[in-house]
Amino acid sequence: MINCQRIKKDLVAFLHGELEENERELFKAHLDQCSGCRGELEELKRVTQAADVLQEDIDEAMATVDWEALPSQISRNVFRKEVRRHRDSWLTKAAGFLLQPRLKPVYAGLLIGVVLGALVTFMVFRVSQPTDIADTGFFAPQDFLENVELEMARRDTLDYLERSQYLLLDFVQSSSERSADFWQSEYAAEQARDLLTKKKYINPQLDKFQLAKAKAICDQIEFLFFELTQISVHLSAEEVNKLQRMIEDKQVLLKINLIKKELEKQHEM
Amino acid sequence: MAVLEETFECKKKLAENKKLEGNEIYPHEDIYALIERIKEGDREAFMTVTNRYQKRVFVLAYSFFRNRDDALDIVQETFLRFYQKVNMFRRGENFQNWLLQIAKNLCVDYYRKNYGKNRELKTDTPVEEMNLPLQNGNNPEVSSDLKRIFSACIKKLAERQRMIFVMKHYNQLKYKEIAEVLGISLGTVKSLHYKAVQNLRGLVAPYMGGQL
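This is how it looks when you write it as structure tokens:
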């Protein structure tokens, strides 16, 4: 025989049909005889019935849901989230691998390497390639360039003086008959024009390198050639001879020689 | 004892009605085949499973929260978790119980996260002002208040007692199934269900004119 305490403990299970068949029979037999347990059962039944009022609420709520459409809606969201999750997980894995603490020394080494490499590159290229490389197209030290320019000016001056010397020598040594027409000859006129042109070219160089003596003689020669080519046409033979003598008197050719020697000496130095 | 027999009959009918509404029992092999397809990313199979089990998850969540939108959120989240964990499902397991276990965990987490003491009962009329004999249940207004009272009382139950009560009364699960879903012993389920009914009895009684 089951006692009331055991019955009451399992009354809820009995009410919901959760007991085995043989237990149920025992319970029924007890309840037939025990009015206390029967009353307890009635009260529990009323609680259960009260719980059933919520069933209507559930049914009403269920009626408001579109069950036909819900699976496709859920499926759409789930598969979209899954794609995003896969992508995110791939990124997370990659980030996780790259950002793992044990790789920190590697990154530090790489960073130091990059910084040092950049510094070394900067230093090396800064020394060997100045900033004006793009303007000149080649590089040479400034003093070297100045020397080259001076040398070129010296040579040009020497050439000018030499050619002038020869021309004047020709003029001075020409016979009195020919001297009047000397500057009208094609050769002399051309030579004189060339020399006048060359003088214009070497003028800035003479100024730049302060070749005062050379410039003075060159100016004299220039003046002389100008006079001889422009004026000699209107001069008499006698006046031309006078000019020849004046060149000899003023020792123009000698002065040219001296300046030439001086310039050559500068070159040897 | 005739009353008792009537009660059992009533329960049986209720359970049968539930089956007709979407609690059909599907052959295990059929479910396993569907799950294998889902593991391969078959969307159609996923939709079929969702269609079959969505109402059961909804009933569990709705009974727990008494809120349609929250219950739908739980349904959505449950099937998302199901898809994410589908590879963990082993052949031989009861799929429904496995799925309800996911839903139950989500309900508990969701409740702890979003429901606090502030959201226990939302009603215009204080519960204390409602005094409704059960016999007046046919009156719609009285019925509405009774629902609110009972809903509030269920929410006052401890978490596990509430879950067991909901599973037993609204999901029509057997003790054995509840034990599997909750991962506890059959005896514990029986004991907690008993406590839940007794506690409800105590909570509802003051509003029922002390008839319980």
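Residue numbers (my numbering), protein chains in the order written: chain G, 42 to 310; chain H, 4 to 215.
Cβ atoms here follow ideal geometry from the backbone N, Cα and C, with glycine treated the same way.
Note that the structure is a prediction, hence the values are computed from the model and not measured.
Close beta carbons around residue i, own chain, < 7 angstroms, minus the five adjacent residues each side
{"i": "residue 240 of chain G", "result": "201, 259, 263"}
{"i": "residue 43 of chain H", "result": "none"}
{"i": "residue 237 of chain G", "result": "263, 266, 267"}
{"i": "residue 207 of chain H", "result": "152, 153, 156, 215"}
{"i": "residue 138 of chain H", "result": "Because residue 138 of chain H carries a pLDDT of 44, less than 50, the predicted location of this residue cannot be relied on, and the following value inherits that uncertainty. The answer is none, since no qualifying residue turns up."}
{"i": "residue 304 of chain G", "result": "195, 198, 199, 255"}
{"i": "residue 109 of chain G", "result": "none"}
{"i": "residue 296 of chain G", "result": "258"}
{"i": "residue 86 of chain G", "result": "56"}
{"i": "residue 171 of chain H", "result": "181, 196"}
Exposure label - residue i; buried when at least 16 CB within 10 Å
{"i": "residue 76 of chain G", "result": "exposed"}
{"i": "residue 205 of chain G", "result": "buried"}
{"i": "residue 197 of chain H", "result": "buried"}
{"i": "residue 127 of chain G", "result": "exposed"}
{"i": "residue 192 of chain H", "result": "buried"}
{"i": "residue 83 of chain G", "result": "exposed"}
{"i": "residue 132 of chain H", "result": "In this predicted model, residue 132 of chain H has a pLDDT of only 46, less than 50, meaning its place in the structure is not dependable; the value taken from the coordinates is given anyway. Exposed: under 16 other Cβ atoms inside 10 Å."}
{"i": "residue 67 of chain H", "result": "buried"}
{"i": "residue 162 of chain G", "result": "exposed"}
{"i": "residue 233 of chain G", "result": "buried"}
{"i": "residue 141 of chain H", "result": "Any answer about residue 141 of chain H is weak, because its pLDDT of 49 lies below 50 and its placement is not dependable; what the coordinates show is given next. Under this definition residue 141 of chain H is an exposed residue."}
{"i": "residue 203 of chain H", "result": "buried"}
{"i": "residue 180 of chain G", "result": "exposed"}
{"i": "residue 50 of chain H", "result": "buried"}
{"i": "residue 24 of chain H", "result": "Only weak support is given to the placement of residue 24 of chain H: the predicted model assigns it a pLDDT of 47, under 50, and the value that follows is read from those uncertain coordinates. Exposed, since its Cβ has fewer than 16 Cβ neighbours within 10 Å."}
{"i": "residue 175 of chain H", "result": "buried"}
{"i": "residue 279 of chain G", "result": "exposed"}
{"i": "residue 302 of chain G", "result": "exposed"}
{"i": "residue 292 of chain G", "result": "exposed"}
{"i": "residue 248 of chain G", "result": "exposed"}
{"i": "residue 46 of chain G", "result": "exposed"}
{"i": "residue 242 of chain G", "result": "exposed"}
Terminal residues of the alpha helix (DSSP H) in which residue i lies
{"i": "residue 110 of chain H", "result": "98 to 117"}
{"i": "residue 112 of chain G", "result": "111 to 139"}
{"i": "residue 263 of chain G", "result": "253 to 272"}
{"i": "residue 72 of chain H", "result": "71 to 88"}
{"i": "residue 282 of chain G", "result": "278 to 290"}
{"i": "residue 78 of chain G", "result": "76 to 92"}
{"i": "residue 1 of chain H", "result": "Residue coverage of chain H in this structure runs from 4 to 215, which leaves residue 1 of chain H outside it and unanswerable."}
{"i": "residue 198 of chain G", "result": "183 to 214"}
{"i": "residue 54 of chain H", "result": "46 to 68"}
{"i": "residue 238 of chain G", "result": "227 to 249"}
{"i": "residue 161 of chain H", "result": "Neither: residue 161 of chain H is in no alpha helix (DSSP H) and is coded neither H nor E."}
{"i": "residue 59 of chain G", "result": "Careful: residue 59 of chain G lies outside any alpha helix (DSSP H) and carries neither H nor E."}
{"i": "residue 179 of chain H", "result": "178 to 185"}
{"i": "residue 2 of chain H", "result": "Residue coverage of chain H in this structure runs from 4 to 215, which leaves residue 2 of chain H outside it and unanswerable."}
Residues near residue i in its chain [Cβ-Cβ closer than 8 angstroms; skip 5 each side]
{"i": "residue 230 of chain G", "result": "224, 270"}
{"i": "residue 90 of chain H", "result": "42"}
{"i": "residue 19 of chain G", "result": "Outside the modelled stretch of chain G, which goes from 42 to 310, sits residue 19 of chain G, for which no answer is possible."}
{"i": "residue 105 of chain H", "result": "81, 84, 85, 88"}
{"i": "residue 168 of chain H", "result": "157, 160, 196, 199, 200, 203"}
{"i": "residue 212 of chain G", "result": "220, 223, 224, 229, 269, 285, 288"}
{"i": "residue 294 of chain G", "result": "206, 209, 210, 213, 288"}
{"i": "residue 110 of chain H", "result": "63, 64, 67, 68, 77, 166"}
{"i": "residue 188 of chain H", "result": "182"}
Residue-chain proximity (residue i, chain C), Cβ-Cβ < 7 angstroms
{"i": "residue 114 of chain H", "result": "This model lacks chain C altogether; the protein chains it does include are G and H."}
Own chain, CB closer than 6 angstroms to residue i, minus 5 neighbours either side, in chain order
{"i": "residue 61 of chain H", "result": "74, 78"}
{"i": "residue 68 of chain G", "result": "55"}
If you pair each beta-carbon of the region 38 to 52 of chain H with each one of the region 114 to 122 of chain G, do three or more pairs fall below 8 angstroms?
Yes, the region 38 to 52 of chain H touches the region 114 to 122 of chain G.
Determine which residues of the region 87 to 108 of chain G have a Cβ less than 8 angstroms from any Cβ of chain H, and write them out in chain order.
87, 88, 89, 90, 91, 92, 93, 94, 95, 96, 97, 98, 99, 102, 103, 105, 106, 108
Scan the region 183 to 210 of chain H for residues whose Cβ lies nearer than 7 angstroms to a Cβ of chain G and list them as they occur along the chain.
193, 196, 197, 200, 203, 204, 207
May I ask you to list, following chain order, the residues of the region 86 to 104 of chain H that have a beta carbon less than 7 angstroms from some beta carbon of chain G?
86
Check whether the region 65 to 83 of chain H touches the region 101 to 113 of chain G, counting contact only when three or more Cβ pairs, one atom from each stretch, lie closer than 8 angstroms.
Touching, yes.
Within 8 angstroms, do at least three Cβ pairs link the region 89 to 104 of chain H to the region 50 to 59 of chain H?
yes
Report yes or no: do the region 73 to 82 of chain H and the region 144 to 164 of chain G share at least 3 C-beta pairs separated by less than 8 angstroms?
Not touching, per the Cβ criterion.
Output needed in chain order: residues of the region 109 to 126 of chain G with a Cβ under 7 angstroms from some Cβ in chain H.
111, 112, 113, 115, 116, 118, 119, 120, 122, 123
Closer than 8 angstroms between beta carbons: that is the criterion. Which residues of the region 68 to 81 of chain H meet it against chain G?
Listed by position, the residues of the region 68 to 81 of chain H near chain G (Cβ gap below 8 angstroms) are 69, 71, 74, 75, 78, 79.
Taking any Cβ of chain H, which residues in the region 57 to 70 of chain G have a Cβ under 7 angstroms from it, in chain order?
57, 58, 59, 69
What are the residues in the region 127 to 144 of chain G lying within 9 angstroms of chain H by C-beta distance?
none
Can you give me, in chain order, the residues of the region 154 to 178 of chain H that have a beta carbon less than 8 angstroms from any beta carbon in chain G?
Across the region 154 to 178 of chain H, CB contacts with chain G closer than 8 angstroms involve 154, 157, 168, 171, 172, 173, 177, 178, in sequence order along the chain.
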